[in-house]
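Before any comments, here is the structure.
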Amino acid sequence: MASCGPQWVTETTALTRKSGGRSNTQASQGISRRQLGLRSGCRGGRLRVAGVAAAIEAARAGADVLVLERLGAGGGAAALSGGFIYLGGGTPLQALGFSDSVENMKAFMKAALGPGVDEAKIDVYCDGSVDHFNWLVDAGVVFDESFGGEPGWEPPHGEGLMFSGGENSAPFNALIPLPHEDIYPGRQRRPRASKPADTC
1 MASCGPQWVT
11 ETTALTRKSG
21 GRSNTQASQG
31 ISRRQLGLRS
41 GCRGGRLRVA
51 GVAAAIEAAR
61 AGADVLVLER
71 LGAGGGAAAL
81 SGGFIYLGGG
91 TPLQALGFSD
101 SVENMKAFMK
111 AALGPGVDEA
121 KIDVYCDGSV
131 DHFNWLVDAG
141 VVFDESFGGE
151 PGWEPPHGEG
161 LMFSGGENSA
171 PFNALIPLPH
181 EDIYPGRQRR
191 PRASKPADTC
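In terms of the UniProt record's numbering, the sequence shown opens at residue 1 and continues consecutively.
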């Protein structure tokens, strides 16, 4: 979380600065902020997704931003994930032949998250999905314009559009217009077994 303040405050064992596309790391264990001469218009904590987003926005707003991280690399748990982000509602990946809408995305998210979900938050997330996608692209995230048709949560070859597999199960297969039936061309599909609604 970043907030306006006179100095950057963090628990730091390494100082990392992006410069000319290269990352330069200087060990700073035991060196105080004062010894490094660090002053900034914003302060924050660890270099994780929220911190990176705050740093990008602060820099875009004209602040002189210096990013500090105590570990060898930033990103936290997000850096260890497969990079799967659920975005939809009309992102430019529709060029791959899939149609999507904000309403489809809302229906899927509300069904996937189940009873008691905060529908207002889902509406805000889905309404801003295309803007979220564009913000990531403007920040340098590359979404490869290719489709990974095998079920999974991590793109094996960097595909920008993935099929998680859950879209084939009820009730999702009736809610969203994804390629449920065509992703395995020529492969015979077994009919889906139907269960009574009160069984697991």
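No residue lacks a Cβ here, since even glycine has one placed at the ideal position from N, Cα and C.
Since this is a predicted model, take the numbers as computed values, not measurements.
In the three-state DSSP reduction, L113 falls in the helix class (H, G or I). Counting only runs that start and end inside the segment 53-83, the alpha helix (DSSP H) elements of at least 4 residues fall at 76-80. An exposed status is given to P171, since fewer than 16 other beta-carbon atoms sit within 10 Å of its beta-carbon. The straight-line gap separating the alpha-carbon atoms of E150 and T91 is approximately 21 Å.
By DSSP's assignment, L161 forms a beta bridge with F147. For E154, the secondary structure class from DSSP, reduced to helix, strand or coil, is coil. Counting along the chain, the unbroken alpha helix (DSSP H) around N134 starts and ends at S129 to D138.
Apart from sequence neighbours up to five positions away, the residues of its chain that approach A95 with a beta-carbon distance below 7 Å are E145, ordered along the chain.
Close CB contacts of A174 within its chain, under the 7 Å cut and outside five residues either way in sequence, are absent.
I122 carries a helical assignment under DSSP once its states are collapsed to helix, strand and coil.
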